[in-house]
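Okay, so here's the structure we're looking at.
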Amino acid sequence: GIQTFKLGKGDRVILGSDGRDDIMIKDASGKEEMNYDETLFLKTVEKSGGDLQNIIENIRNTGRIKDDLSLLVIDYNASDFKLHNEMKSDESSEYYKALEKYNEKKYDESLSILRKTFNGKPFYSEVYNLFLNIYTAQKDYLRKSNILMNYFSLAPNDSSVITDIVISLKSCGQYDLAADYGEALRLRNPYDINTLILLSEIYRTKGLHYVALRRLEDALKISPENPDVVSHISAIQNEIEKNLSKKDKEIETQEVNISFEY
């Protein structure tokens, strides 16, 4: 699977060769030979403290570079996105008013307070969760998915939110986008049974039965006797057979009509 990690301010990503086959080093006798140590580059980066010029100098001091030396350094200097901001007293007061309206099931009034008070403000987890709860109660899955996607764009390392995005998009009929996010989740965790089943349901709804079966076959390899997986496979296979039978009847009808016209 694809591993994700969060960059913070001051973090640096360094990309380059592992050093094998690129540097000629000398052995104890002084004889020059090709480097086969795949950890050499990593050791040099650690020794150099991540400084680009020091890395280059230490590589050259290690041996003779026999090929091009390509290094890419990415520095992250943006301010961190804060997931835990403290509300001001007036904001907190309005939040609790909105929460009270939500508890009274006056969802539109609650939304009105939240939008008036918090649009364009810093991220507050309490406000974010209240918006989600309201849209869930209203079954407004399109707006819910939009908020989830906005959050994910600010915190892309949070894989757990992708499942909520997929389910919300599926619930409001946005199947293409749901499949895109579902596949992104599958790449991050290819062995998650629930993700594979969810993807199969989306593809099945889109009429892509064979793609749905492939996702379920992946799930079956992980959990061969999983009853949910077996049940989904059986249902899709039945649908495929019905569709094929329907097409056969359509062809037969067409052939009869053609014969009659002649």
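Under this note's numbering, think of the first position of the sequence shown as 18, with each following residue one higher. Just so it is clear, CB atoms sit at the ideal spot from N, CA and C, and this is done for glycine as well.
Residue range of the unbroken beta strand (DSSP E) whose run includes residue i
i: Asp-92; result: 88–92
Terminal residues of the alpha helix (DSSP H) in which residue i lies
i: Gly-33; result: Segment 29–33 is the beta strand (DSSP E) holding Gly-33; no alpha helix (DSSP H) there.
i: Lys-43; result: Element bounds for Lys-43: not the alpha helix (DSSP H) but the beta strand (DSSP E), 40–43.
i: Glu-74; result: 69–79
i: Leu-202; result: 192–205
i: Ser-127; result: 124–135
i: Phe-148; result: 142–154
i: Tyr-208; result: Per DSSP, Tyr-208 belongs to no alpha helix (DSSP H) and is neither H nor E.
i: Glu-5; result: What the structure shows of the chain is the stretch from 18 to 279, and residue 5 is not part of that stretch, so it cannot be assessed.
i: Asp-85; result: That residue, Asp-85, is in no alpha helix (DSSP H); it is neither H nor E in DSSP.
i: Asn-167; result: 158–171
Residue i - DSSP class collapsed to helix/strand/coil
i: Met-104; result: coil
i: Ile-19; result: coil
i: Glu-242; result: coil
i: Glu-50; result: strand
i: Asn-174; result: coil
i: Leu-24; result: coil
i: Lys-118; result: helix
i: Leu-233; result: helix
i: Lys-138; result: coil
i: Leu-225; result: coil
i: Ala-252; result: helix
i: Lys-259; result: helix
Close-in-space but distant-in-sequence residues of the same chain around residue i (CB under 6 Å, 5 per side omitted)
i: Leu-159; result: Cys-189
i: Lys-223; result: Tyr-192
i: Val-273; result: Low confidence applies here, because Val-273 scores a pLDDT of 38, under 50, leaving its location unreliable; read the following figure in that light. If we look at Val-273 and ignore the five residues flanking it on each side, it has no Cβ neighbours.
i: Leu-237; result: Val-246
i: Thr-212; result: Leu-202 and Arg-203
i: Ser-262; result: none
Nonlocal neighbours in the same chain, by C-beta distance under 8 Å from residue i, ignoring five residues either side
i: Phe-22; result: Asn-174
i: Phe-277; result: Because Phe-277 carries a pLDDT of 36, less than 50, the predicted location of this residue cannot be relied on, and the following value inherits that uncertainty. Result list for Phe-277: empty, nothing under 8 Å.
i: Asn-75; result: Thr-61, Lys-64 and Ser-65
i: Ser-176; result: Thr-21, Leu-202, Arg-205 and Asn-206
i: Arg-29; result: Gly-67, Val-90, Ile-91, Asp-92 and Tyr-93
i: Asn-260; result: His-226
i: Asp-44; result: Glu-50
i: Ile-73; result: Leu-86 and Leu-88
CB of residue i within 9 Å of CB of residue j, strictly
i: Lys-83; j: Asp-39; result: yes
i: Ala-229; j: Ser-217; result: yes
i: Phe-140; j: Asn-78; result: no
i: Gly-80; j: Ile-42; result: yes
i: Ile-257; j: Leu-233; result: no
i: Lys-26; j: Ala-95; result: yes
i: Ile-292; j: Asn-243; result: With the chain represented from 18 up to 279, any question about residue 292 goes unanswered, as that position is not in the structure.
Sequence-distant residues of the same chain with beta carbon closer than 7 Å to residue i, five excluded per side
i: Leu-186; result: Ser-162, Leu-194, Ala-195 and Tyr-198
i: Asp-245; result: Ile-214
i: Lys-319; result: This structure does not reach residue 319, given that the chain is present from 18 up to 279, and the question cannot be answered.
i: Met-166; result: Ile-182
i: Gln-155; result: Tyr-124
i: Leu-116; result: Leu-147
i: Ile-239; result: Tyr-208 and Ile-210
i: Tyr-119; result: Ser-127, Leu-147, Asn-150 and Ile-151
i: Leu-24; result: Tyr-93
i: Asn-71; result: Ser-65
i: Ile-19; result: Leu-204 and Arg-205
Given 8 Å, three or more beta-carbon pairs between the stretch 56–68 and the stretch 127–138: no
contact_flag[the stretch 42–51, the stretch 106–124] where n(CB pairs < 8 Å) is 3 or more: no
Touching by the beta-carbon criterion (3+ pairs, under 8 Å), the stretch 175–185 and the stretch 133–148: Too few Cβ pairs lie closer than 8 Å, so no.
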